[in-house]
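Written out below as structure tokens is the structure these notes cover.
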Amino acid sequence: MKNSIGVFAGSFDPITFGHIDIIERCLTIVDTLVIAIGAQHSKAALFTPQERLDLIAETVKSDRLQLVTFDGLLVDEAKRLNANFLIRSIRNGQDFEYEKTMATMNKQLSGIETINLFANPQYSHISSSIVRQIAKMEGDISKFVPKNIVNSIKRKLN
Ligand code: COA
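The sequence shown begins at 207 in this note's numbering and counts up by one.
Here it is as structure tokens:
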């Protein structure tokens, strides 16, 4: 497909090495990748959506990457962006069931297909909330997130 647009949506609170791996792999699949940061979120957030966007912008750089925050249905944002694909990541069996439901529902709502990439095994145990929890308890998170994110979390928690 020419000029394909993929939307990788998530909360990214904060972006981790696992997300970065997925982003790099997405860029080999689609021409333009939009990272869509969900603003309306039930999880207790550490960073505001704009802060998360700024942190992603300083962490991953590509002229084929766009960053947006969105509030509402992911498929509405994807349609606004003229996206061809939604992209999500599966780390384990638990993610599989959840992602299957989301992909099926989003397809039914919009007709847009979801591409699910399996997380690289070296990152399949990482989640943003575990990183936040370890950081709050002053543990070492440098194996899970880049240096700029380590520093931003430290600043945020102090
Ligand atoms: N590496 C590291 N972490 C990964 C990962 C990978 N490869 N793949 C998933 N994760 C983690 C994330 O860090 C996140 O961790 P957390 O729960 O500790 O925060 C978790 O897996 C999954 O969360 P995330 O990818 O952020 O998705 P989400 O389920 O929280 O959903 C939205 C975020 C914004 C996509 C979702 O809420 C949404 O679509 N909202 C819009 C409303 C809507 O359209 N609803 C209908 C859907 S059918």
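In this text, a Cβ means the ideal position worked out from N, Cα and C, and glycines have one as well.
Predicted model, so just to flag it, every value in this text is computed and none were measured.
Taking its Cβ as the centre, do 16 or more other Cβ atoms sit within 10 Å of Ser295, making it buried, or is it exposed? Counting from one through the sequence shown, the residue named residue 295 turns up at place 89. Of the other Cβ atoms in all chains shown, 16 or more fall within 10 Å of the Cβ of Ser295; this residue is therefore buried.
For the alpha helix (DSSP H) that Glu264 lies in, which residues bound it at each end? Translated into the one-based positions of the sequence shown, residue 264 becomes position 58. Looking at the DSSP string, the run of the alpha helix (DSSP H) that includes Glu264 is Pro255 to Thr265.
Here's a check: name, in chain order, each residue in its chain whose Cβ is nearer than 8 Å to the Cβ of Lys285, leaving out the five neighbours to either side. The count along the sequence shown starts at 1 and reaches residue 285 at position 79. Only Ser316 and Ile318 meet the Cβ criterion.
Less than 8 Å separating the beta-carbons of Ile332 and Thr222? Residue numbering aside, residue 332 sits at position 126 when the sequence shown is read from its first letter. Residue numbering aside, residue 222 sits at position 16 when the sequence shown is read from its first letter. Yes, they are a contact pair.
Is Ser335 near ligand 1 - that is, is its Cβ less than 7 Å away from at least one heavy atom of it? Taking the first residue of the sequence shown as position 1, residue 335 is located at position 129. Correct: Ser335 has its Cβ closer than 7 Å to ligand 1.
At a cut-off of 7 Å, would you count Arg297 as near ligand 1, judging by its Cβ distance to the nearest heavy atom? As a position in the sequence shown, residue 297 is number 91, starting the count at 1. The answer is yes for Arg297.
Cβ pair count under 8 Å reaching 3, the stretch 213 to 232 against the stretch 259 to 268: yes
Answer yes or no: the CB of Lys249 versus the heavy atoms of ligand 1, is any distance below 7 Å? Position 43 of the sequence shown holds residue 249. Within the cutoff, so yes.
With distance defined between alpha-carbon atoms, name the residue in Arg231, Ile211 and Ala250 nearest to Leu239. Counting from one through the sequence shown, the residue named residue 239 turns up at place 33. If we check each option's Cα against that of Leu239, Ile211 comes out closest.
Compute every distance between the C-beta of Val281 and the non-hydrogen atoms of ligand 1, then say whether any falls below 7 Å. Here residue 281 refers to the residue found at position 75 when the sequence shown is read from its first residue. Yes, Cβ of Val281 sits closer than 7 Å to a heavy atom of ligand 1.
Sort Ser217, Ala309, Glu344 and Arg361 by Cα distance to Ala251 and report the nearest one. Walking along the sequence shown from the start, residue 251 turns up at place 45. The residue with the shortest Cα to Cα distance from Ala251 is Ser217.
Using the Cα positions of Gly299 and Thr310, report the straight-line distance between them to the nearest angstrom. Walking along the sequence shown from the start, residue 299 turns up at place 93. Walking along the sequence shown from the start, residue 310 turns up at place 104. Spanning the two alpha carbons is a distance of roughly 17 Å.
If you measure between the beta carbons of Leu261 and Ile340, is that distance less than 8 Å? Locating residue 261 in the sequence shown gives position 55, counting from the first residue. Locating residue 340 in the sequence shown gives position 134, counting from the first residue. No, these two residues do not count as a Cβ contact at 8 Å.
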